[in-house]
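Residues 4 to 486 in my numbering are what the sequence shown lists, from first letter to last.
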Amino acid sequence: MAELKPALIGLGKLIRKSGSLPVLKHIKVERTAEGWITLTATDLDAFATVRLEQPAPDEPFTILVPHEALARTVKTCAKNDNILVAPGANDTGYIQYGLGTQLAEIEFESLPVAEFPEAPYINAAPIPLPEMLRTSIRQAFECSSTDPSRLILNGVCLDVSNAKAHYVVGTDGRHLFSSNSFSLPLKNSLIIPNHPFLEWSVFNADGEWQLRLGMPEKDKLATLQITSRRWHFVSHPREGNYPNWRQVVPANDSAGTTVEVDAQKLDAVLQTIKRMPCHDPVNATIGIANTAGKFHLLGKSTGTADWTRVPIDDAKCKGKEATVFLNRELLSKALGFGLTHIDLIDAKSPLRFSNGGRQMIVMPVRADASPAAASPAPSPAPAPEAEQPNPPPPPAEQPKEEPTMPEDNTTGAKRTPETKESKPALDTALAQLEVVRGDFRNAIAGLNKLGELLRQSQRETKASGKEIESVRQTLRSLQSVRI
């Protein structure tokens, strides 16, 4: 049980609870010729396999066990208990476990092993992913998007386009994380999908990761495999062009104000951020300011209330006075990552949080949720653009409520007609060609996935046909019986 309980938690991240094929709700339990016991789960897009520590020498054996029945049994067992999984009669199986001084059994319907999808096999040299890189990948996952309409951002990009500086990148359009200081033997950039299993803490703590890449074959997608000491995870990388994320990264010399937060006092600063009043729950607005060389946090309970200014003694400011508003959850995330150096440009430009080769770019928000409810910022901090009582500018120049990162390699942080005027027609046409090409790649990836599902459906239909034919033969044999 000490091994099986956490294993089922990890495998459960691939189990579809409803609206899926029955076989996808099962765990494949296998004993190899060497006696090693492995458990595998799949959601068709990905496979996860765990090898248990203790071998059980015996004949090779495979059985499909319902995840729900196995998980329910495990919950009632003590840490030092053992269970037995074995086949029964007439396509059934049973789970046997200790109950006081007796043995109890739970019978279940066991599907044919042939119905369980086969995991892709990748025969490639492993690429080690050391702890520092693994930490950066996990943090990039936390910054990646979960919006199904922006599928290309639903993952972490290992960007090797610059041979001198490889990066791990993740973004959801509102904030972006990147990290370098490593080098990978990859020819092309790779987008790892943000599967819940890869963010699971037990998998992240299970020793060094190794990455293997499988080349695409006829009618099959490219594959990737990430292995730890006991776990194997197999999936498909995201297809398409990752956005040109460097466009939104401020230049190194653009910051007019810098803030350095004491790394030893981060817990106290994070606690203060949590306790700051919030008048805008949608954007979770909080202000940070350099006023007379002192770092302040700004918050208020209602849109018409005065700003509460809390000085933070555990931070040092340099440069000109500035006030910037941002989402407090992103502020806490950046500081929680240990990114204690903050660069401020102005109220409408991205903020940069950094530490060594890691950085997070965060887009600012309005000081108030509605321009009509805006109120001047406290003196002597300069008023943000959203609070100035000027007439509304033309629509093309209006600041957005939530500025976003670019969606593709051809757009910047802001979409304005100026791009068309500043670029020759040929450059614009070539850029549009890249966008169309990326869309076609995404469409092809979707068709390949649909093909895999259709082939799976065909296998199920054949299996059902065999079962029907078996029933017919049984009926014929019964009809020939004479009493």
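For each residue, glycine too, the CB sits at the ideal point set by N, CA and C.
This structure is a prediction, so every number in the text was calculated from the model and none was measured.
(request) Apply the 10 Å Cβ neighbour rule to residue 220 and answer buried if 16 or more other Cβ atoms are within range, or exposed otherwise. (result) Flag for residue 220 reads exposed.
(message) Do residue 78 and residue 516 count as a contact pair if the criterion is CB distance below 8 Å?
(response) For residue 516 there is no data in the structure shown, the boundaries of the chain being 4 and 486.
(request) Look at residue 505 and residue 41 and say whether their C-beta atoms are less than 8 Å apart. (result) Past the boundaries of the shown model lies residue 505; the chain is included only from 4 to 486, so the question cannot be answered.
(request) Mind listing, in chain order, the continuous alpha helix (DSSP H) runs of no fewer than 4 residues lying wholly within the stretch 316 to 344? (result) 331 to 339
(message) Does residue 270 come out as helix, strand or coil in the three-state DSSP assignment?
(response) helix
(request) Can you grab the Cα-Cα spacing for the pair residue 63 / residue 96, in whole Å? (result) Residue 63 and residue 96: Cα-Cα distance of roughly 16 Å.
(request) For residue 162, I'd like the list of residues in its chain whose CB is within less than 6 Å of its CB, leaving aside the five on either flank, ordered along the chain. (result) So the list reads 170, 172, 192, once near-sequence residues are dropped.
(message) Extract the residue ranges of the beta strand (DSSP E) inside the stretch 99 to 135, only unbroken runs of 3 or more that lie entirely within it.
(response) 105 to 112, 130 to 132
(request) Pick helix, strand or coil for residue 160, following the three-state DSSP scheme. (result) In this structure, residue 160 counts as strand in the three-state DSSP scheme.
(request) Find out if the Cβ-Cβ distance for the pair residue 317, residue 270 is shorter than 8 Å. (result) no
(message) Can you tell me where the alpha helix (DSSP H) holding residue 71 begins and where it ends?
(response) 70 to 78
(request) Would you mind working out which of 59, 121, 72, 370 sits nearest residue 112, comparing C-alpha positions? (result) The closest CA to that of residue 112, considering only 59, 121, 72, 370, is found on 72.
(message) My output table needs one value for residue 224: the three-state DSSP class, helix, strand or coil.
(response) coil
(message) Taking 8 Å as the threshold (C-beta atoms), are residue 114 and residue 29 in contact?
(response) yes
(message) Using C-beta distances below 7 Å, list every residue in its chain close to residue 57, excluding the 5 sequence neighbours before and after it, in chain order.
(response) none
(request) May I have the straight-line CA-CA distance separating residue 147 from residue 119, to the nearest angstrom? (result) 31 Å
(message) Check whether the stretch 241 to 255 and the stretch 296 to 303 are in contact - that is, three or more C-beta pairs closer than 8 Å.
(response) no
(message) Closer than 8 Å is the cut-off here; do at least three beta carbon pairs connect the stretch 347 to 366 with the stretch 316 to 333?
(response) yes
(request) Identify the continuous beta strand (DSSP E) that holds residue 308 and give its terminal residues. (result) Element bounds for residue 308: n/a, residue is neither H nor E.
(message) In this structure, how does DSSP classify residue 206 when only helix, strand and coil are distinguished?
(response) helix
(message) Using CA atoms only, rank isn't needed, just tell me which of 362, 467, 464, 11 is closest to residue 184.
(response) 362
(request) State the start and end residues of the unbroken beta strand (DSSP E) segment that holds residue 9. (result) It is not in any beta strand (DSSP E) - residue 9 instead sits in the alpha helix (DSSP H) that spans 7 to 15.
(message) Within a Cβ cutoff of 6 Å, which residues of the same chain sit near residue 99, ignoring the five residues on either side of it in sequence?
(response) Within the same chain, Cβ atoms closer than 6 Å to the Cβ of residue 99 are found at 87, 106, 108, the five residues on either side in sequence being excluded.
(message) At the level of alpha carbons, what is the spacing between residue 339 and residue 273?
(response) 8 Å
(request) Please state whether DSSP places residue 365 in a helix, a strand or coil. (result) strand
(request) Could you pull out every residue in the same chain whose Cβ sits closer than 8 Å to the Cβ of residue 418, ignoring the five residues on either side in sequence? (result) With a pLDDT of 37 at residue 418, under the threshold of 50, the modelled position of this residue cannot be trusted, and the question is left open.
(request) Quick one: grab the DSSP three-state call for residue 301. (result) strand
(request) Can you grab the Cα-Cα spacing for the pair residue 320 / residue 313, in whole Å? (result) 15 Å
(message) One question on the structure: do residue 205 and residue 13 come within less than 8 Å of each other, judged by their Cβ atoms?
(response) Residue 205 is a Cβ neighbour of residue 13, given a cutoff of 8 Å.
(message) Output needed for residue 189: all residues of its chain with C-beta closer than 6 Å, excluding positions within five of it in sequence on either side, in chain order.
(response) 163
(message) Quick check on the burial criterion: 16 or more other C-beta atoms within 10 angstroms. Buried or exposed for residue 278?
(response) So residue 278 counts as exposed.
(request) Alpha carbon to alpha carbon, how far is residue 216 from residue 159? Give it in angstroms, no decimals. (result) 15 Å
(message) If I follow the unbroken beta strand (DSSP E) through residue 356, where does it start and stop?
(response) 354 to 358
(message) Restricting to Cα atoms, I'd like to know which of 365, 181, 91, 104 is closest to residue 84.
(response) When each option's Cα is compared against that of residue 84, the closest is 104.
(message) What does DSSP give as the partner residue(s) for residue 451 in the beta ladder?
(response) Paired residue(s): none; residue 451 is not in a bridge.
(request) For my contact list, residue 371 and residue 306 are in at a C-beta cut-off of 8 Å; report their separation, rounded to the angstrom. (result) 6 Å
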